[in-house]
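Engineer: Provided herewith is a single structure, encoded as structure tokens, for subsequent inquiry.
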Amino acid sequence: MSSTPEAPKTEIVIAPSRGWFRIPWHELWDYRDLFWQFVQRDFSVKYRQTILGPAWFILQPLMMTAVFMVVFGRIAKLSTDNVPPGLFYFCGLLSWSYFAQTMPSIAATFTANAHLFGKIYFPRLTVPLSQLASNLVALGLQFAVFVVLWIYYRTFTDYHYNLLSPFLPSLGLLLLAQAQIMLLALGVGCILAAATGKYRDLQHVLPIVVQLWLYATPVVYPLSMVSHEANWWIVAAANPMTAPVEAFKLVLIGTSSWTLSLAAVSWGLTLALLVAGLSAFSQAERTVIDVA
């Protein structure tokens, strides 16, 4: 009698990552189905048990635009570089809102998912990456609203800027600016996630940081208002969100102070923060669950 051959034994070893900088590319690909489940979860949970649901993706920037038109347009009388105020403020929020929603969500990775991380293994970087993807849905809806506003102002006012003209260079710059915002949100969010996992006080300070960062970015005012002779210009140029916001304005409303030198400095800072963030995240994922 011939004996049945034994099935080969498979041994799976889960070990902590080594090195100060490690991105588990193969594992991220192997867990791609889990990534899409996180994307669906992030999108559905955000406005669960709300009456208007995903409509808040549109209503929030519209309400903020209305507030900015009153406070900064009518009361403070800040310049909008001859662009209709509603279009100017909504364009600024279009680029800023994605960062302001995504970065704090990534910063809460370890605190919000501690119960999950303590039970099962999967590459922890899947969670921040899913935040980057899920918030693109809101960005798409808000961009559609911007197009509607642009059509309105172009039809009923003397504003005649041609959107995305020339098409390919403008689309390329727009996508490059959005990619930078995503990388910046990932880098800063991972740095804060590593810090917040150990020092929970930071999660209370983060909303204040985001609010201050908003006013340090030319969202409600044109960068042309900042004097080149003042130290404030250095502060504006050192803000990595300045260049992508100005790139959005250049492409979508035709008025901007975007330059190649400004973009180069901004990209350098963004990549430095990204490397620092991924390194900090890689270090923290080994021990942060024990602390939590």
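Numbering-wise (our numbering), the sequence shown opens with residue 108 and increments by one. Just so it is clear, CB atoms sit at the ideal spot from N, CA and C, and this is done for glycine as well.
(1) With a cut-off of 8 Å, do at least 3 Cβ pairs link the segment 291 to 298 to the segment 201 to 221?
(2) Cα separation between I130 and L385?
(3) Grouping DSSP H, G and I as helix and E and B as strand, with all else coil, what is A379?
(4) Among W340, F388, L381, S241, whose alpha-carbon lies nearest the alpha-carbon of W365?
(5) Does P351 pass the burial test, meaning 16 or more other C-beta atoms within 10 Å, or should it be called exposed?
(6) Where does the unbroken alpha helix (DSSP H) through P235 begin, and where does it stop?
(7) Assess contact between the segment 131 to 146 and the segment 227 to 236, defined as three or more Cβ pairs (one per stretch) separated by less than 8 Å. Is contact present?
(8) Between which two residues does the alpha helix (DSSP H) holding S204 run?
(9) First and last residue of the alpha helix (DSSP H) that includes G294?
(10) Expressed to the nearest angstrom, what Euclidean distance is found between the alpha-carbon atoms of M210 and L290?
(11) If you check the beta carbons only, do A292 and F388 fall under 9 Å apart?
(12) Is there contact here, the segment 181 to 191 with the segment 271 to 280, by at least three beta-carbon pairs under 8 Å?
(13) Nearest-angstrom Cα distance between F355 and F263?
(14) Using the C-alpha atoms, what's the distance from I288 back to A375?
(15) Would you mind reading off the limits of the alpha helix (DSSP H) that contains E134?
(16) Exposed or buried, which one is G279 when buried takes at least 16 other CB atoms within 10 Å?
(17) With DSSP collapsed to three states, give me the class of H267.
(18) Which residues in the same chain as E392 place their Cβ atom closer than 6 Å to its Cβ, once the five residues preceding and following it in sequence are excluded?
(19) Kindly indicate which three-state DSSP category V317 falls into: helix, strand or coil?
(20) Can the beta-carbon of F164 be found less than 9 Å from the beta-carbon of V244?
Structural biologist: Result, derived from the coordinates:
(1) The way I'd put it, the segment 291 to 298 does touch the segment 201 to 221; three or more beta-carbon pairs between them come closer than 8 Å.
(2) 8 Å
(3) helix
(4) W340
(5) Classification of P351: buried, given that the 10 Å Cβ count is 16 or more.
(6) 233 to 263
(7) yes
(8) 192 to 214
(9) Per DSSP, G294 belongs to the alpha helix (DSSP H) from 274 to 305.
(10) 10 Å
(11) no
(12) no
(13) 23 Å
(14) According to the sequence displayed, residue 375 carries Gly and not Ala. Each residue's Cα considered, the two are about 13 Å apart.
(15) 132 to 137
(16) exposed
(17) coil
(18) Its chain contains R231 as the residues whose beta carbon lies nearer than 6 Å to that of E392, once the 5 sequence neighbours on both sides are disregarded; these appear in chain order.
(19) In the three-state reduction of the DSSP assignment, V317 falls in the helix class, which pools H, G and I.
(20) Yes, Cβ-Cβ distance for F164 and V244 is below 9 Å.
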